[in-house]
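S.K.: One structure, as C-alpha cells, below. Some questions next.
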Amino acid sequence: MPARDQRQRTETYRRLRLGMIGAERKELLRLRDEDVISDGVMRRIQRDLDLEQVLLEASDSPWTGLEKPDEGAGV
Numbered sequence: 278m279p280a281r282d283q284r285q286r287t288e289t290y291r292r293l294r295l296g297m298i299g300a301e302r303k304e305l306l307r308l309r310d311e312d313v314i315s316d317g318v319m320r321r322i323q324r325d326l327d328l329e330q331v332l333l334e335a336s337d338s339p340w341t342g343l344e345k346p347d348e349g350a351g352v
C-alpha cells in the first residue's frame with residue numbers, strides 16, 4: 278500500500294475514533310447520572326479514554342506510529 282494511502286487511512290481512523298471517544302464520554306456521563314455505574318468506575322474509564330485520546334492527538338505530529346524522530350529525517 279502506498280504511503281499516501283496509509284496516511285489517509287490512518288487519518289480517517291484517527292478522526293472516527295476521536296468522534297467515538299466523544300460519544301463514549303457522553304454515554305459514561307449518562308450511565309453515571311442514572312446510577313448505573315459509580316463515580317470511580319466512570320473515572321477509570323475516563324482515564325483510559327484520556328490516554329487513548331492523547332495518543333490519537335499525538336498522531337498529528339510529524340512522527341506517527343513507531344517511527345523515531347531521526348528515522349524521518351533521513352539521517
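According to this note's numbering, the sequence shown is numbered sequentially starting from 278. No residue lacks a Cβ here, since even glycine has one placed at the ideal position from N, Cα and C. Every value quoted in this text rests on a predicted model; they were computed, and no experiment measured them.
What does the Cβ neighbour count give for residue 351, buried or exposed, with the cut at 16 atoms within 10 Å?
M.R.: Note that residue 351 scores a pLDDT of 48, beneath 50, so its modelled location is shaky and nothing firm can be said.
S.K.: Check this for me: beta carbons of residue 333 and residue 302, under 8 Å apart or not?
M.R.: Not closer than 8 Å, so no.
S.K.: Would you say residue 330 and residue 305 are within 8 Å of each other, going by their C-beta atoms?
M.R.: no
S.K.: Which of helix, strand or coil does DSSP assign to residue 352?
M.R.: Because the pLDDT of residue 352 is 41, which lies under 50, any placement of that residue in the model is unreliable, and the question is left without a value.
S.K.: Give the range of the alpha helix (DSSP H) segment to which residue 325 is assigned.
M.R.: 316-335
S.K.: Whose CA, out of 336, 283, 327, lies closest to the CA of residue 299?
M.R.: 327
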